[in-house]
Structures are given as C-alpha cells and as structure tokens.
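A.B. asks:
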Amino acid sequence: MAQGEILAGYLAPHPPHLVYAENPPQNEPKSEGGWEQLRWAYERARKTLDDLKPDVLLVHSPHWTTHVGHHFLGVKQLSGKSVDPIFPNLFRYDFQLEVDVELAEACCDTAASMGLVTKMMRNPNFRVDYGTITTLHMIRPQWDIPIVGISANNSPYYLNTKEGLGEMDILGKATRKAIEATGRRAVLLASNTLCHYHFHTEPEIPEDMSREHPQNYPGYKWDMRIIEMLRRGETRKVFDILPQFIEEAFAEVKSGAFTWMFAAMGYPEIPGELHGYGTVIGTGNAVMEWNLARQAVHAAAVNA
Amino acid sequence: MTIVAAFLFPGLPHPMLKPEIAPWGRLAGAARSAAASLDAYAPDTLVMYSTQWIAVLDQLWQTRPHVSGVHIDENWYEWGDLPFDIRIDSGLAKACIAGSETIGVRSRPVDYDGFPIDTGTIVAQHFLNQTQGRPLVVTSNNLYHDWALTEQLGGLVRDVALKENKKVAVVGVGGLSARMFRAPIDPAEDRFADPADDEANRTILDLLVEGDAEGLRAAAGRIGAALPVDSGLKHLAFITGALGGHIGGAHIHGYEPVYGTGAAVVEIRG
C-alpha cells in the first residue's frame, strides 16, 4: 500500500444560509438566493476539489461539541433529517452519507496513542450536526466521496485557548499519521468562520442582501489582516497572533478546526488561495484553499 | 395563583439512560418523588426553560402541537436513545410570544418537523410528565440574555398564565456546577469534580431552602464568576422570575454528582 497523503486543506465555513440560498432538493425551505459571493467561492473550490480526486474528505465541525474527548463518526452509513436548532427556518436537510470508518478508527487510535482522549461514535441513529453537513454539501454537493467526521472537543472554551488549541494541534498531527498509514489521498475541511460577531435579529426576508454586512468594522479589519497574511503564506505569523485574533474578533477558529487542519498539513508556509469572502448575519466567512498536491508538483519542477 | 409549582431539574441524560449507576439511580428516584409532588399540584401546563436549548437570535418557543421522535445525545450516545412524545400548549406558547415585546424581547415560534428537541427537555419530560402527559411550553436559553432578563422572561410566563387563566408549573432544566471530568471515569465512582463545586452547589441549595431570592441572585453571580456553572444558573432566574421574584423555601428531592457536575432535583415554593 502506498503511503497516504493530504492533498489539500480548505477553510470551509458552515453558515446554513448558503445551503438555503442554493435551494438544493435535500433542503426543505426555499429561498430567492442570496450570499452569492460566498456561494460562488464554493463553486470555485468545488472545481479544484474535483481535480484532486480525493479518496476521503475529513471535516472538523464546531457544532458537534463533545466534553469527554475527541469523537469520530464510526457508522458506515448515516442518514436522517438535520434541522439547525438556531436557524430551523433555513435548514431542514435530508442527509445521507458514507463514513470511511477504517480511517476514522485509525485517527481515533493514533490520537489516543498520542495522549488524547478519543472515542468512536457507533450509534446508527446519530444525527450528524448541521455544521458538518453544510460544509460537506457546499464543497461536494454530489455526496459521492466518503467522509470522516470529527467533533470539536470543548477544551478551548472549557480550559483555555492555548491548552485547547494544543489538543487540536495533536489531533491534527495524529490525523496526518493516520492518513499516511492507511494510504488515503485525503482533503481536510476546517469548518470555521473567522470573525464571529453577529447580528441578533434576522431580516424579514433572510436573503435580503441589502441588510447583509460585517457586524463591526474592527472584526472586518481583523479578517482582512488574517486573510492577507494567509494569502502571503505567512502561516507562522498567523498562528503567532491567533489568540489575539480569537479574543478580539470572537473568532470561531477558537473551536479548533483551523488549527487541526494546519497541524495536519505541517503548517505549510505556502500562499493560500482565497476563493471568496462574505458575511453571513454579520460574521466573516472565507473560503480558502491550501493545495499541497499542486505545491508538490511545483516544487518538483523547480528542483528538476 | 397562576404558578402552582416550580422545580429545578437536571438536564443530563444519565439518570434516564443509566439508572443502575448508584448516584444517577438516586437522582432518578428523586425525579420520581418530584413527579409525585407535581401531580398533586395538578397543573394545566408545564413550562420548561432548558439550558441545553441554545438560541442566539431572538427567544424561541416550541409551538408545534405534537413533537415526537428519538433523540441521540451528541455526547452520551453510547448509552442509548432518548425517545420522546410531547404535547405542546401552543396557545400558551403563542401568548408568551405575543407578550414578549412588553419586556423588550423579540420572540419566534418554532414549528418544524424534525426540530432537535434538546436532551434536557426530553429528560425532564420523561421523569416529570410521562404518566400524566400534560402539555408543555418549552422555551430556549438565549446566550445573550443575562440573569435579569431571564427573570423577566419567567415573569412574562407568570403574567401570561394569569391572563390565560392557566395553572402552570415551571421547570428550570439545568445543572449546578458544570465542571465535568475530561476523561472517562468509572461511573460507580462518580463524584464532584472539585470539592469547591460541591461547596458552591450547597450554597445555592441552602439559599433555595431558606427562601432567600436576593441572596440567590448575588450568589449565582459570585459563584458563576469563580467556577464553571451551567449557563450562569439562568434556569434559576427563570424560576424566581416566574415566582414573582420571591422564594418561599424549597425541598431538595435529591442532589448528586453527574460525571463531576452538580445535579439537583428541587421543589421550590413561591
């Protein structure tokens, strides 16, 4: 078996509004559109993902919050109706997905061997969280690639940001080892918003884009600063200021997916490709890609 | 009297899913004792405020007349499923929605097939209302509401119940100290995660028994700043608000650890 590899990582936020706006057959509520900038960003990301032809998509979602350890979906076929408890008017989605249980178990075992508390979720009636589903739908609406779903242990909130993200760093490194050991060609999805300040009321027509803008200017400036650094490949600098960003912009990256993804990729100092940025009820959302496969080809050509 | 009874009830599923574990079984017994007391009050409707139903936009109220299904807790899924079958007092819920503008809160109805009823509501319904099947009003824990606003929300329920001529029992569904063990434990050896948590919980319970609503308000703020508690103990604010800001004492049916956290079944008099 060839050694597995991480082909790419995507920052792939999960506002259910994007699914609502797209009107897929799986989602019950229907819209007049909206949030086009972000949906077009996902369309671009879908194309690059398609080119990569991965065996598996791994997603870390802040809306599967666990208290005792890091959990992994461990049932091969999961299906049901996912209703967003915050936005039930927008997201009532019939999902059906296939889990790469072998890889999930490898991630779970490897992370445990590296000192984390981990657990496999084996209940066949489990309802997958809307964050996982939204990210997966937006990046691959065909649902034809097996997935690994990873919970967000609440350690960054329960302990503190540094300790919590330290756990996510270990989780990422364990994920990489598991991918390599199982021979998978994998893509990572960090299901996180950037600035997470949001409005506290919703317009009468949720997709009325005349009402959509950043909730506050400092948060927007933080998002632009972080995106600029990521576009320049200044990964180390981003992680140096990440705690400040989290604190001042109430950034959802605190929940760990962003750190997990970068740790798994080895914190590459390569330019991230911004597919697009937009706000959803005032929060800042960027769809970005770090294409390690393309980078490897480029590096090989340079060295030849 | 519109509010005929009030209860603090823990929302973790352990007593429902694993009653054979000694401390959780004792909580289940306390819950059955509380249910017997509740029946004696013969309320028309139970109004539940559950800390596990999180809202960030508006105040949400369940208005679907009948909700049923099977819920799987996102943390404790390995111990089984949580079936539920709940009748909703839609009329009272809609009256609360209509009245919420009087306290400066925007409310919204929730009437969707498949809406995820939270674990706390299901556990409370299972123990307190399984035999009688009284209709419920269930409302959410808006993360941006503080103690004072949550008290007003409880007061709103009191006012609306009076206007609608309903006998209502209010149930604040949630825990006390929220420090949970971070690694698996032998459930038979469950205990409070920290002795300070036990001490803080007992302070809260003593204030309830003494009927000291003002002291409770102050202690909730002080304790909430010092150690992790469930949602700032706002479920108690909902109860004190519904009781008109006063507590006439309390009877503790049970107090136990649940995976390190504090859980109590308490009957609170107005």
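Protein chains in written order, with the numbering used here: chain G, 1 to 304; chain E, 305 to 574. Note that the Cβ used here is the ideal one computed from N, Cα and C, for glycine as well.
1) Comparing C-alpha positions only, which one of 270/G, 192/G and 269/G sits nearest to residue 12/G?
2) Taking the alpha-carbon positions, what's the residue 65/G to residue 303/G distance?
3) On the DSSP bridge list, what partners appear for residue 209/G?
4) Report the rounded CA-to-CA distance for residue 510/E versus residue 544/E, giving the unit in angstroms.
5) Curious, which full-length beta strand (DSSP E) runs of at least 3 residues does the region 363 to 399 of chain E contain?
6) Alpha carbon to alpha carbon, what distance is there between residue 436/E and residue 313/E?
7) In this structure, does DSSP put residue 433/E in helix, strand or coil?
8) Roughly how many whole angstroms lie between the Cα atoms of residue 406/E and residue 395/E?
9) Please return the same chain residues whose Cβ sits closer than 6 Å to the Cβ of residue 263/G, not counting the five positions on each side in sequence.
10) Find out if the Cβ-Cβ distance for the pair residue 286/G, residue 241/G is shorter than 9 Å.
11) Excluding the 5 residues flanking residue 72/G on each side, which residues of the same chain have their C-beta closer than 8 Å to its C-beta?
12) Just tell me which of 260/G, 279/G, 281/G and 288/G has its CA closest to the CA of residue 272/G.
13) Closer than 9 Å, CB to CB, is residue 88/G near chain E or not?
14) Give the DSSP bridge partners of residue 119/G, in chain order.
15) Does the distance from the C-beta atom of residue 40/G to that of residue 207/G stay below 9 Å?
16) For residue 211/G, which residues in the same chain have their Cβ closer than 7 Å to its Cβ, ignoring the five residues on either side in sequence?
17) Applying the criterion that 16 or more other CB atoms from any shown protein chain within 10 Å of the CB defines a buried residue, is residue 33/G buried or exposed?
18) Apply the 10 Å Cβ neighbour rule to residue 205/G and answer buried if 16 or more other Cβ atoms are within range, or exposed otherwise.
19) Quick one: list the residues of chain C neighbouring residue 320/E, beta-carbon separation under 9 Å, in chain order.
20) Assess contact between the region 446 to 455 of chain E and the region 337 to 352 of chain E, defined as three or more Cβ pairs (one per stretch) separated by less than 8 Å. Is contact present?
21) What in chain E is Cβ-close to residue 161/G, meaning under 9 Å?
22) Closest Cβ-Cβ distance between residue 69/G and chain E: below 9 Å?
23) Which partner residues does residue 282/G have in the DSSP bridge list?
24) Which residue from 195/G, 284/G, 234/G and 167/G puts its Cα closest to that of residue 115/G?
25) Can you pull the chain G residues whose beta carbon is under 9 Å from the beta carbon of residue 511/E, in chain order?
26) So with CB distances below 7 Å, who are the chain E contacts of residue 64/G?
27) For residue 326/E and residue 495/E, I'd like the C-alpha separation in whole angstroms.
28) Can you have a look at residue 438/E and say buried or exposed, based on whether 16 or more other CB atoms are within 10 angstroms of its CB?
29) Which word fits residue 252/G, buried or exposed, when buried means at least 16 other C-beta atoms lie within 10 angstroms of its C-beta?
30) Return helix, strand or coil for residue 87/G, following the three-state DSSP convention.
31) Run down chain G in chain order and give the residues with a C-beta less than 7 Å from the C-beta of residue 362/E.
32) Quick check: what's the CA-CA separation for residue 266/G versus residue 365/E?
33) By the three-class DSSP mapping on this structure, what secondary structure does residue 309/E have?
34) With three or more beta-carbon pairs closer than 8 Å as the criterion, would you say the region 483 to 493 of chain E touches the region 418 to 438 of chain E?
35) Restricting to runs no shorter than 4 residues, where is the alpha helix (DSSP H) found entirely within the region 402 to 487 of chain E?
36) Among 244/G, 248/G, 295/G and 257/G, which one has its Cα closest to the Cα of residue 268/G?
C.D. replies: In short, the structure shows the following:
1) 192/G
2) 44 Å
3) None, per the DSSP bridge assignment.
4) 15 Å
5) 363 to 366, 370 to 375 and 386 to 391
6) 18 Å
7) helix
8) 18 Å
9) 169, 172 and 173
10) no
11) 104, 105, 107, 108, 118, 119, 120, 121, 148, 149, 150 and 151
12) 288/G
13) yes
14) 71/G
15) no
16) 203
17) exposed
18) exposed
19) Among the protein chains in the structure shown, which are G and E, there is no chain C.
20) no
21) The premise fails here: residue 161/G is roughly 16 Å from chain E at the closest Cβ pair, so nothing lies under 9 Å.
22) yes
23) The partner list for residue 282/G (beta bridge, DSSP) is empty, contrary to what the question assumes.
24) 167/G
25) Per Cβ cutoff of 9 Å: no residues; residue 511/E is ~26 Å from chain G at best.
26) 378
27) 11 Å
28) buried
29) buried
30) coil
31) 201
32) 46 Å
33) strand
34) no
35) 423 to 433 and 451 to 467
36) 295/G
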